[in-house]
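**Student:** Below you will find the structure I want to go over with you.
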């Protein structure tokens, strides 16, 4: 996974976090064929403990090696950063957004994110 490669290459020079937000395609909401095919079948969690369990499954299935944090059950990070369903960001040391990918799976541009990480270090 290229995210892991970038994380390992730069983790000594900047902080990396994956923030697990609400389920984008829960079984009790808008389910998509890809999730069915990949056996990613989770109801929208109602507690932080349930969200943590799903995040752990995600970490293991994707071999995510950077630290994972959980959004709160009010979905504060998701709301502030328009993270649903997935998005990559680079923030500077003052917390100012220096780079963000376009919202959604088609905008999950790892190459552009890697270039932004390179510029930031």
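In my numbering, the protein residues as written are 1 to 121. Note that the Cβ used here is the ideal one computed from N, Cα and C, for glycine as well. Remember, it's a predicted structure, so these values are computed and weren't measured experimentally.
#1: If you reduce the DSSP assignment to three classes, tell me which class residue 100 lands in.
#2: Quick check on DSSP: helix, strand or coil for residue 90?
#3: On a CA-only basis, which of 120, 29, 88, 49 is nearest residue 106? Give me that one, please.
#4: In the DSSP assignment, find the unbroken alpha helix (DSSP H) run with residue 81 in it and report its ends.
#5: So, do the region 61 to 76 and the region 37 to 50 have three or more beta carbon pairs nearer to each other than 8 Å?
#6: Within the 9 Å Cβ cut-off, does residue 52 reach chain B?
#7: Just to confirm, is the Cβ distance from residue 90 to residue 98 under 9 Å?
#8: If I'm right that residue 65 touches residue 4 with Cβ under 8 Å, what's the distance once you round it to whole angstroms?
#9: Report the partner residues of residue 64 according to the DSSP bridge assignment.
#10: May I have the straight-line CA-CA distance separating residue 94 from residue 15, to the nearest angstrom?
#11: Buried or exposed: where does residue 113 fall if 16 or more other Cβ atoms within 10 Å of its Cβ makes it buried?
**Tutor:** This is what the structure gives:
#1: Strand.
#2: Strand at residue 90.
#3: Of the listed residues, the one whose Cα sits closest to residue 106 is 88.
#4: From DSSP, the alpha helix (DSSP H) with residue 81 extends over 76 to 81.
#5: Segments in contact, yes.
#6: Although the question refers to chain B, the structure presented lacks it and comprises just one protein chain.
#7: Taking 9 Å as the Cβ cut-off, residue 90 and residue 98 qualify as a contacting pair.
#8: Rounded, the Cβ-Cβ distance is 5 Å, consistent with contact.
#9: In DSSP, residue 64 forms no bridge with anything.
#10: Rounded to the nearest angstrom, the two C-alpha atoms are 13 Å apart.
#11: Around the beta carbon of residue 113, a 10 Å sphere encloses 16 or more other beta carbons of the protein chains shown; the residue is thus reported as buried.
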